[in-house]
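In UniProt numbering, the protein residues as written are 1 to 326. For each residue, glycine too, the CB sits at the ideal point set by N, CA and C. Since this is a predicted model, take the numbers as computed values, not measurements. Beneath this line is the structure, given in structure tokens, with notes to follow.
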Amino acid sequence: FFFPLANLSSPDSFNGWSNKSVVTEFILLGLSSSRELQLFLFFIFSVFYGAAVLGNSLIILTVITDSRLHSPMYFLLSNLSFIDVCQATFATPKMISDFLSEHKTITFKGCMSQIFFLHVFGGSEMVLLVAMAYDRYIAICKPLHYMTIMSRRACTVLVGVSWAVGILHSASHLVFTIDLPFCGPNKVDNFFCDLPLVIKLACLDTYVLEILVLTNSGLLSLICFLLLLISYTIILATVHRQASGGTSRALSTLSAHITVVVLFFGPLIFIYIWPFESFTIDKFISVFFTVFTPLLNPMIYTLRNKDVKEAMKKLRNQHVGSKEAC
Numbered sequence: 001f002f003f004p005l006a007n008l009s010s011p012d013s014f015n016g017w018s019n020k021s022v023v024t025e026f027i028l029l030g031l032s033s034s035r036e037l038q039l040f041l042f043f044i045f046s047v048f049y050g051a052a053v054l055g056n057s058l059i060i061l062t063v064i065t066d067s068r069l070h071s072p073m074y075f076l077l078s079n080l081s082f083i084d085v086c087q088a089t090f091a092t093p094k095m096i097s098d099f100l101s102e103h104k105t106i107t108f109k110g111c112m113s114q115i116f117f118l119h120v121f122g123g124s125e126m127v128l129l130v131a132m133a134y135d136r137y138i139a140i141c142k143p144l145h146y147m148t149i150m151s152r153r154a155c156t157v158l159v160g161v162s163w164a165v166g167i168l169h170s171a172s173h174l175v176f177t178i179d180l181p182f183c184g185p186n187k188v189d190n191f192f193c194d195l196p197l198v199i200k201l202a203c204l205d206t207y208v209l210e211i212l213v214l215t216n217s218g219l220l221s222l223i224c225f226l227l228l229l230i231s232y233t234i235i236l237a238t239v240h241r242q243a244s245g246g247t248s249r250a251l252s253t254l255s256a257h258i259t260v261v262v263l264f265f266g267p268l269i270f271i272y273i274w275p276f277e278s279f280t281i282d283k284f285i286s287v288f289f290t291v292f293t294p295l296l297n298p299m300i301y302t303l304r305n306k307d308v309k310e311a312m313k314k315l316r317n318q319h320v321g322s323k324e325a326c
């Protein structure tokens with residue numbers, strides 16, 4: 001792991017970059033260089049970002065205010081919505097403002113912050129999706145023990161573990177990136193500081209570090225994906241064997257969960273099966289993660305969930321009633 005950094009201590013390596021200017025900011029090339037297209041994208045992504053934040057915030061508010069939704073499943077769902085708000089916010093406002101800016105730059109500290117938060121929220125969401133699958137497994141396969149197993153403490157622990165894994169996952173990336181020497185190229189071909197692209201700008205051979213970064217992210221993604229695959233396979237097999245009236249309701253809930261999992265892990269599979277020699281996270285996949293996933297998740301859960309829709313109607317009626325009373 002220390003091989004790439006060890007090159008810094010050699011005199012030849014040090015003399016090679018010490019006389020060059022040290023990079024203090026990076027230039028983000030964004031989604032397009034066309035001025036007309038940038039204006040169009042400014043309005044489009046402003047709407048998308050606003051809708052993503054509003055939709056997820058509405059789910060959080062609905063779960064908090066409606067006592068019928070005070071259950072483990074909705075507690076985990078509200079935490080997923082909170083992560084989606086964070087996921088949409090760490091880079092999208094900067095991208096939107098850059099559409100109107102001539103100089104699309106970001107400071108070194110700002111760049112490292114984007115890398116950190118991207119992997120915190122991404123790692124946390126992966127683990128939280130596993131926790132939500134575990135919740136559905138207990139609810140469908142062990143319904144008599146559901147409230148005992150999925151207690152408030154257990155739910156809090158699951159959410160805490162998801163954040164802890166996300167932070168550790170991100171820190172393991174950042175600790176070896178923040179001290180890399182950046183002394184020449186500073187153009188990042190994306191709308192935010194994407195870790196593989198930033199590492200390639202360092203003034204030394206980072207091939208081993210790139211492999212380890214890819215392995216780190218790929219391993220966490222693979223473990224979470226396999227756990228999800230096993231969980232939903234067991235759940236679907238159990239639902240198939242059941243002939244009760246609750247089968248269609250269970251399938252409806254499961255379909256929403258599985259759709260979200262496919263939307264999240266589909267692009268990841270595309271990224272990690274690509275040859276490493278030509279490995280660059282496509283900016284449109286980045287848009288999908290940071291904008292469209294947080295935008296689509298609340299739609300999927302509300303459209304497929306009768307309880308959430310009724311709770312939102314109730315919340316809206318209360319708001320209208322309070323305004324009329326005034």
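Alpha-carbon spacing of residue i relative to residue j, whole angstroms
i	j	result
E36	G30	14 Å
F121	D84	8 Å
S170	G123	8 Å
D189	L180	19 Å
P72	R152	7 Å
D234	C141	It should be pointed out that residue 234 corresponds to Ile in this sequence rather than to Asp. Approximately 8 Å between the Cα atoms of the pair.
Y207	K109	23 Å
S101	R241	58 Å
T148	H70	15 Å
P185	L197	11 Å
C203	V22	10 Å
I258	I230	12 Å
Y232	V261	10 Å
S34	N79	38 Å
Proximity below 8 Å, CB of residue i to CB of residue j
i	j	result
L28	D98	yes
T62	M299	no
L128	V157	no
V130	L227	yes
I106	C193	yes
A139	L295	no
L209	I199	yes
residue 369	F225	Missing from the structure shown is residue 369; the chain here goes from 1 to 326 and no further.
A92	Y146	Just to set this straight, residue 92 is Thr in the shown sequence, not Ala. Cβ atoms of T92 and Y146: not closer than 8 Å.
L77	I64	no
N56	S32	no
Three-state secondary structure (DSSP) of residue i
i	result
T206	coil
L100	coil
I83	helix
L28	strand
I59	helix
I178	coil
K309	helix
S159	Before going on, a small fix: residue 159 reads as Val here, not Ser. In this structure, V159 counts as helix in the three-state DSSP scheme.
K314	helix
K187	strand
Proximity test, residue i beta-carbon vs the ligand COA heavy atom, cut-off 7 Å
i	result
H240	Here there are no bound small molecules, and the ligand COA is not part of this structure.
Cβ-based neighbour list, residue i, same chain, cut-off 6 Å, excluding 5 preceding and 5 following
i	result
F75	C155
H119	H169, S170, H173
Cut-off 8 Å between Cβ atoms - residues of its own chain near residue i, not counting five sequence neighbours on either side
i	result
K314	D66
Taking one C-beta from the stretch 130-139 and one from the stretch 175-183 each time, how about it: are there three or more such pairs within less than 8 Å? no
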